[in-house]
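Peer 1:
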Amino acid sequence: MQAFGLHLFLWLIAVTLSVKEEACRKATLTLKTRRKTVKFTDNVTLDCSINGTFTGLTYHWHKDHQTDWGESRENTITIPFVTESDSGQYRCAAYTSGPYPVAFSCQSNAVKLSIQGLLTATLMRRDQRESVYIGEDVTLVCSIENSYTGWKYRWFKDGYSDRYKSNEHTLTISSLNTSDSGEYQCAAYRDGPYPVFVSTASKALTLSVHERKAELQITSSHTDGRIFEGDEVHLSCNVDGDPVMWKFELYKTGNETPYRVEMKKKFTISPVTLSHSRGYRCRAVKGHLHSRFSDPVQLHVLGLSLENKIRLAISGLVLVVLLIIVAECLWIKAHSTFRSNEAGCTTG
């Protein structure tokens, strides 16, 4: 009799457990993201599914040991702009709605959510010029890995962010001055009542703003560089950065007003004379902008070279011959006129 009672008791326990197992429907929790690795500020969706179609249920969401982490009437819940604090183990369960909810499903499997750290910001210049100069414009571009959009940006120069303001991913600094030289960084942040940085500060980008320097070079047609009276001389004003649409000014040493102004950097003196022997300097200008003056360069003009003397002698000889020919022609013409007049008088 006691053995029968024991068997009956065990059978009742088994039936009870079986009924409970059937009543406890299986809930499956899945993690939905747009990529395998969940990164800082991604949007993450948790999906709690139960076999079959059911309505009027409430879904309870658990995180780690927080059984009241969240509640929704939908079987999905989205965590926007996740941060490292959202990392953890998540579970879900379905309950009946009403003032006295009853568990409709078992607790789901656990899903682990691991959030990688802050996004990486990269700062670069839009153009790749080696040097930038006073008066020019420069644009800095702050790129966030995986082409994130919608963030706002903070810009830093030498560790401070109080001078350069731009919410965009680009920062344009116009009319550069030497005070704009320094170390630049950028970072992206999510705007709102409590702004949160979503990226690290970029590596520093060094911006060096230079003053344009000028150098004056004198070239001669002679291989030894000597310049003789009567030669053609070229003075080239070479300016850093090869500025376009700038004027080039040539000055005589000691003068404050330009001796020559050209839209190109080369000045030509032809023919050069002894009076051109002196110092010269140059610079480039554009509106209120200008380069430094070049160091003075001395132009030494020598007396006539043998070549120029021969050329001058030949020119003089040709001139004398022409004068003789012209004089002879005039004499012949005058003599002919005189004889014609004399013949007329005799006939009369």
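Numbering (mature numbering (1 follows the signal peptide of the UniProt record, and there is no 0)), first residue to last: -18 to -1, 1 to 330.
Every residue gets a Cβ at the ideal spot worked out from N, C-alpha and C, and that includes glycine.
Quick caveat, the model's predicted, so the values are computed rather than measured.
(1) Does the beta-carbon of Ser157 have 16 or more other beta-carbons within 10 angstroms, so that it is buried, or is it exposed?
(2) May I have the straight-line CA-CA distance separating Ala266 from Thr160, to the nearest angstrom?
(3) Could you give the distance in angstroms between the alpha-carbon of Leu(-13) and the alpha-carbon of Cys6?
(4) Please classify Glu214 as buried or exposed, where buried requires at least 16 other C-beta atoms within 10 Å of its C-beta.
(5) Could you check the C-alpha separation between Leu101 and Arg73 for me, to the nearest Å?
(6) Suppose you measure from the CA of Ile97 to the CA of Lys45; what does that come to, to the nearest Å?
(7) Once DSSP output is grouped into helix, strand and coil, what is the label at Ala103?
(8) Quick one: is Leu13 buried, meaning 16 or more other Cβ sit within 10 Å of its Cβ, or exposed?
(9) Per DSSP, what kind of secondary structure is Val26 in: helix, strand or coil?
(10) Along the beta strand (DSSP E) that carries Gly164, what are the first and last residues, could you check?
(11) Hey, would you say Glu211 sits closer than 8 Å to Thr255, going by beta carbons?
(12) Three-state secondary structure (DSSP) at Cys311?
(13) Taking 8 Å as the threshold (C-beta atoms), are Cys30 and Ser90 in contact?
(14) What are the boundary residues of the beta strand (DSSP E) that includes Glu53?
(15) With 16 as the cutoff for other CB atoms within 10 Å, does His204 come out buried or exposed?
(16) With DSSP run on the structure shown, which of helix, strand or coil describes Ser318?
(17) Taking only the alpha-carbon atoms, compute the straight-line gap between Leu304 and Ser318 and give it to the nearest angstrom.
(18) Look at the alpha carbon of Gly99 and the alpha carbon of Glu66, and state the distance between them as a whole number of angstroms.
(19) Apart from the five residues just before and just after His151, which ones in its own chain have a Cβ nearer than 6 Å to its Cβ?
(20) For the region 215 to 223 against the region 181 to 197, do three or more pairs of beta-carbon atoms, one drawn from each stretch, fall closer than 8 Å, so that the two count as touching?
(21) Where do the N-terminal and C-terminal ends of the beta strand (DSSP E) with Asn220 fall, by residue?
(22) Are the beta-carbon atoms of Lys268 and Pro225 separated by less than 8 Å?
(23) Would the region 36 to 56 count as touching the region 105 to 117 if we require 3 or more Cβ pairs under 8 Å?
(24) Helix, strand or coil: how does DSSP classify Ser257 here?
(25) Indicate, with yes or no, if the ligand MG has a heavy atom lying under 7 Å from the CB of Thr154.
(26) Report the rounded CA-to-CA distance for residue 381 versus His47, giving the unit in angstroms.
(27) Going by beta carbon distance, what residues of the same chain come within less than 7 Å of Arg208, once the five residues before and after it are set aside?
(28) Taking the alpha carbon of Leu11 as the reference point, which residue from Leu28, Lys18, Arg17 and Asp24 has its own alpha carbon closest?
(29) Apart from the five residues just before and just after Thr188, which ones in its own chain have a Cβ nearer than 7 Å to its Cβ?
Peer 2: So, to answer that:
(1) Translated into the one-based positions of the sequence shown, residue 157 becomes position 175. With fewer than 16 Cβ atoms within 10 Å of its Cβ, Ser157 is classed as exposed.
(2) For this step, residue 266 is matched to residue 284 along the sequence shown. For this step, residue 160 is matched to residue 178 along the sequence shown. Spanning the two alpha carbons is a distance of roughly 18 Å.
(3) Taking the sequence shown and counting its residues from 1, the one referred to as residue -13 is at position 6. Taking the sequence shown and counting its residues from 1, the one referred to as residue 6 is at position 24. The pLDDT assigned to Leu(-13) is 47, lower than 50, so where the model puts this residue is not dependable, and the model offers no usable value.
(4) Taking the first residue of the sequence shown as position 1, residue 214 is located at position 232. Glu214 is exposed by the Cβ-count criterion.
(5) Against the sequence shown, residue 101 aligns to sequence position 119. Against the sequence shown, residue 73 aligns to sequence position 91. Straight-line Cα distance between these residues: approximately 27 Å.
(6) The sequence position of residue 97 within the sequence shown is 115, counting from 1. The sequence position of residue 45 within the sequence shown is 63, counting from 1. Each residue's Cα considered, the two are about 14 Å apart.
(7) As a first step, residue 103 is located in the sequence shown; it is residue number 121 there, counting from the start. Ala103 falls in the strand class under three-state DSSP.
(8) Numbered from 1 along the sequence shown, position 31 holds the residue referred to as residue 13. The residue is exposed, with fewer than 16 neighbouring Cβ atoms inside 10 Å.
(9) Your numbering for residue 26 matches position 44 in the sequence shown. Strand at Val26.
(10) Counting from one through the sequence shown, the residue named residue 164 turns up at place 182. Taken as a continuous stretch (DSSP letters only), the beta strand (DSSP E) holding Gly164 covers Gly164 to Arg172.
(11) Start at 1 with the first residue of the sequence shown, and residue 211 comes out as number 229. Start at 1 with the first residue of the sequence shown, and residue 255 comes out as number 273. Result yes, Cβ atoms of Glu211 and Thr255 sit closer than 8 Å.
(12) Within the sequence shown, residue 311 is the residue found at index 329, counting from 1. Reduced to three states, the DSSP call for Cys311 is helix.
(13) The residue given as residue 90 occupies position 108 in the sequence shown. The residue given as residue 30 occupies position 48 in the sequence shown. Yes. Within cutoff.
(14) Residue mapping note: residue 53 aligns to position 71 of the sequence shown, counting from 1. Gln48 to Ser54 is the span of the beta strand (DSSP E), which, as asked, contains Glu53.
(15) As a working note, residue 204 is residue 222 in the sequence shown. The residue in question, His204, is exposed, as its Cβ has fewer than 16 Cβ neighbours within 10 Å.
(16) By 1-based counting over the sequence shown, the position of residue 318 is 336. Reduced to three states, the DSSP call for Ser318 is helix.
(17) By one-based count along the sequence shown, residue 304 stands at place 322. By one-based count along the sequence shown, residue 318 stands at place 336. Going from the Cα of Leu304 to the Cα of Ser318 covers about 21 Å.
(18) As a first step, residue 99 must be located in the sequence shown, where it is residue number 117. As a first step, residue 66 must be located in the sequence shown, where it is residue number 84. So the alpha carbons of these two residues sit roughly 7 Å apart.
(19) Position 169 of the sequence shown, counting from 1, holds the residue named residue 151. Excluding positions up to five away in sequence, the list reads Cys124 and Tyr135.
(20) With the cut-off at 8 Å, the region 215 to 223 and the region 181 to 197 touch.
(21) Here residue 220 corresponds to residue number 238 of the sequence shown, with the count starting at 1. First-last of the beta strand (DSSP E) with Asn220: Val215 to Val221.
(22) For the purposes of this step, residue 268 is identified with residue 286 of the sequence shown, where counting begins at 1. For the purposes of this step, residue 225 is identified with residue 243 of the sequence shown, where counting begins at 1. With contacts defined by Cβ atoms closer than 8 Å, Lys268 and Pro225 form a contacting pair.
(23) no
(24) Counted from its first residue, the sequence shown places residue 257 at position 275. In this structure, Ser257 counts as helix in the three-state DSSP scheme.
(25) For the structure depicted, the ligand MG is absent and the ligand set is empty, with no information on it obtainable.
(26) Since the first and last residues shown for the chain are -18 and 330, residue 381 lies out of range.
(27) As a position in the sequence shown, residue 208 is number 226, starting the count at 1. Within the same chain, Arg208 has close Cβ partners Ser202 and Leu284.
(28) To locate residue 11, count along the sequence shown from 1; it is residue 29. Comparing Cα positions, the closest option is Leu28.
(29) As a first step, residue 188 must be located in the sequence shown, where it is residue number 206. Answer for Thr188: Glu165, listed in chain order.
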